[in-house]
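K.L.:
Residue numbers (this note's numbering): 3 to 616.
The structure's right below; bear with me while I get my questions together.
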Amino acid sequence: MTLESHGKLLKERVKPIDIQFKDLSYQVQVQKVKKTILKGISGTFRSGQLTAIMGPSGAGKSSLMNILTGLTTKGVNGNIQFGDSPTKSRKICCYIMQDDHFHSWFTVEETMLLAAQLKISNDSMNMKEKKMLIEHLLDTLKLSQTKSTRAGNLSGGQKKRLSIALELIDNPAVLFLDEPTTGLDSSASSDTIQLLQTLANEGRTIVCTIHQPSSHVYSLFNQIYVLSQGCCTYQGTPHNTIEFLKTVGLECPTYHNPADFLLECVNGDYGDHTDDLAAAARQPKWRYDYDAEQPQHLDGLNGVQIVKMMESKRGGVKQLSPSITPPISATKHVYPPPEWMRLWLLIGRCHVQFFRDWTVTYLKLAVHIMCAILIGLLYGDSGSNATKQIANLGSFTIHNTYLWYTTMMPGLLRFPQEISIIKKETFNNWYKLRTYYMATLITSTPVHIIFSMTYITIAYLMTDQPFEIERYAKFMLTAVVVTICADGLGVLLGTILNPINGTFVGAVLTCFMLIFSGFLILLTHMSSLMRLLSYLSPIRYALESMVLAIYSNNRGSIYCPMDVVYCHFKNASTVLRSFGMENGNFGMNILIMFLQLSTFKGLAYVMLKRKLRA
């Protein structure tokens, strides 16, 4: 029984899109000096063709890719045309970058299914069809045996194929790949390029950069576009390379790899022939003949293959015509889900990641419990013993510092690893950055609340603090707010600094916040300038809030042991007065901490957005 009778599955045609660019120049400013990367280059990358951009290091290959994909816009001059649209390049193409970044805690099948959910709405393709689509892609890309393997455990070639499979889910018309064969052996490199050739034969426009291809891999490309010193020094088919070089007096030795010889020539190993090669490259006769190169097995309608899928009696999928393109309903237009649905999906992904990453969940929770018990045993009855009130305030300082540091550091160290994944997924239109950021806030906040409550409850009871609901609630609220505030600073530092510098800056900032907290040196003992700086420390407000929660609101006399002659801190008001906190306002302190929290979170989003655009 055909899938069409069950609800459709006749493959949607790939819309052919040619990429044309003319007089494209690119300049960057390095130390107040403008450096020209590309010098007025022109070219055409046609649909149904696999194009390789080659050239020595620094020739401008990656710069050209970034410009064509829209990743780079500043300092660019010239015209770029994507089919009939000169502006919507990012919405019709995907960019598979050199490094493959995935969430390592998810299996291949889970990664593919989540990508399908983020890219295709349930109205245009139901779950059954999405699973069939994933099975089809994994089988074609030789990833079926790795469905249950976590992405972090894949080999280099498998990761590259998974990157391609993820972007094929929504059937893009244009694919850009930066160094797709880097880190692969000769066999895997050949398989990858053959895969791209098959994708191009179905009507897509595929452009990739490549270094030192073998003669076999070189022959698989439809077109070679060579850059040298920012100029186009060849644009044509691989088999025309030798004849082209002869026109400028460069003859390839017998049995020499034409790709190697071409790169040696543009690299200046046989003299500087850049100008001669650039002039010869502008001659139309070296360009490929598009009509002659058009694959003969296409259906003749826009030069694109149509693939029909059949469902067997067992529910399996049988392919009737060879294709790598996923089956997509021709009766319905495939469109992405609404952003609120993507938010819900990302929240689910973050939750799964939290539960599977034992270092930031189970280990951290175990450490919180052990440290709370240790501190409880260390400070004993400091909450109810009038002779230990200074030590009791010391325990409050430890609570705040511990929660601050253990929350800030994981965000600081882990978030830089997320940035590469966010950059890839947002650039390829999986979701908007604000959707991802909101999902992380929604999922991380309850975790921080649970962890801080677990720690504080144990420490509060073991140090024999007054067992009054109001005091406990205020104490707990302070711990929760300072924890979330620390997470905001950690994400902010992780966004603007690398892990090494971020660790140093985070540790130094924590030390200064502790110094200005009002315990190591009393606020009343500081100079006016230093007291002004203390208002920037969240730990200062957290410590004062905890002290006010325990000692304000007419707390009764604190127990003084019978064997002690005089207890100076028998009255709670004496504690507040001695530490200069008698005029403190708990509500104002919490409000200021919320403002600091919002500032850290807001700045982190702004800096992340700027970093992704850079």
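Glycine is no exception: its CB is placed at the ideal position from the N, C-alpha and C atoms.
1) Relative to the alpha-carbon of G251, which residue among G604, T276 and D262 has its alpha-carbon at the smallest distance?
2) Please work out which residues of its chain come closer than 7 Å, Cβ to Cβ, to T249, disregarding the five sequence neighbours upstream and downstream, and give them in chain order.
3) Have a look at T576 and V484 and give me their C-alpha separation to the nearest angstrom.
4) Can you give me the C-alpha to C-alpha distance between G396 and G586, rounded to a whole angstrom?
5) Among all the DSSP beta bridges, which residues are the ones paired with C234?
6) Output needed for Y438: all residues of its chain with C-beta closer than 8 Å, excluding positions within five of it in sequence on either side, in chain order.
7) Where does the unbroken alpha helix (DSSP H) through M343 begin, and where does it stop?
8) Is the beta carbon of I94 closer than 7 Å to that of A175?
9) Using DSSP with H/G/I as helix, E/B as strand and the rest coil, what is I424?
10) Using a beta-carbon distance below 7 Å, is Y439 in contact with chain D?
11) Please name the residue, chosen from L479, F246 and N259, that lies closest to K287 on a Cα-to-Cα basis.
12) Give the single residue among G185, S49, L115 and I136 whose Cα lies nearest to the Cα of F178.
13) For the beta strand (DSSP E) holding M56, just list the boundary residues, first then last.
14) By a C-beta neighbour count over all protein chains shown, 10 Å radius and 16 as the cutoff for buried, is I471 buried or exposed?
15) Mind checking R351: buried by the 16 CB within 10 Å criterion, or exposed?
16) Would you report the Cα separation of Y337 and R436, rounded to the nearest angstrom?
17) Looking at C-alpha atoms only, which residue of H401, Y364 and P240 is the closest neighbour of Y381?
18) Throw me the rounded Cβ distance for the A118 and I136 pair, which I believe falls under 8 Å.
19) Suppose contacts are defined by Cβ-Cβ distances below 7 Å. Is G582 in contact with V493 by that definition?
20) Run the CB neighbour count on T526, radius 10 Å, all protein chains shown included, and call it buried at 16 or more, exposed below.
21) Which residues in the same chain have their Cβ closer than 7 Å to the Cβ of H570, if we skip the five residues on either side of it in sequence?
22) Quick check on the DSSP output: the alpha helix (DSSP H) that includes C513 runs from which residue to which?
23) Here's a check: name, in chain order, each residue in its chain whose Cβ is nearer than 8 Å to the Cβ of V549, leaving out the five neighbours to either side.
24) Return the chain-ordered list of same chain residues with a C-beta closer than 7 Å to the C-beta of D192, the five sequence neighbours on each side being excluded.
25) Please classify Q225 as buried or exposed, where buried requires at least 16 neighbouring CB atoms within 10 angstroms.
26) Residue range of the beta strand (DSSP E) that G622 falls in?
27) Decide if the region 73 to 82 is in contact with the region 18 to 29; the criterion is three or more beta carbon pairs, one per stretch, under 8 Å apart.
28) Could you check whether the region 357 to 375 touches the region 530 to 546, counting it as contact only if at least three pairs of C-beta atoms, one from each stretch, sit closer than 8 Å?
29) Measure the C-alpha to C-alpha separation of M515 and A441 and round it to an integer number of angstroms.
30) Ignore the nearest five residues each way along the sequence and tell me which others in D180's own chain have a CB closer than 8 Å to its CB.
31) Compute the distance between the beta-carbons of S547 and D466, then report whether it is under 7 Å.
32) How long is the line joining the alpha carbons of L463 and Q391, rounded to whole angstroms?
33) Measure from the alpha carbon of W406 to the alpha carbon of each residue in Y457, E420 and S422, then state which is nearest.
34) With distances taken from CA atoms, which of L116, M129, K366 and G45 is nearest W346?
35) Using a threshold of 6 Å, is the CB atom of F356 nearer than that to any non-hydrogen atom of the ligand ZN?
36) Using DSSP's beta-bridge definition, name the partner residues of I208.
P.N.:
With the given structure in hand:
1) T276
2) A282
3) 26 Å
4) 18 Å
5) L229
6) L348, I424, E427 and T428
7) E341 to R358
8) yes
9) helix
10) Going by chain labels, chain D is absent from the structure shown, which holds only one protein chain.
11) F246
12) S49
13) L52 to M56
14) exposed
15) buried
16) 20 Å
17) H401
18) 6 Å
19) no
20) exposed
21) T576
22) P501 to I517
23) L395, F398, V577, L578, F581, M583 and G586
24) The question names Asp, but residue 192 is Ser in the sequence shown. So the list reads H218 and V219, once near-sequence residues are dropped.
25) buried
26) Lying before the first or after the last residue shown, residue 622 is absent from the chain, which here runs from 3 to 616.
27) yes
28) no
29) 29 Å
30) S64, M67, Y97, I98, M99, Q100, C210 and T211
31) no
32) 16 Å
33) Y457
34) L116
35) Annotation note on the ligand ZN: not contained in the displayed structure, which lists no ligands.
36) L52 and L177
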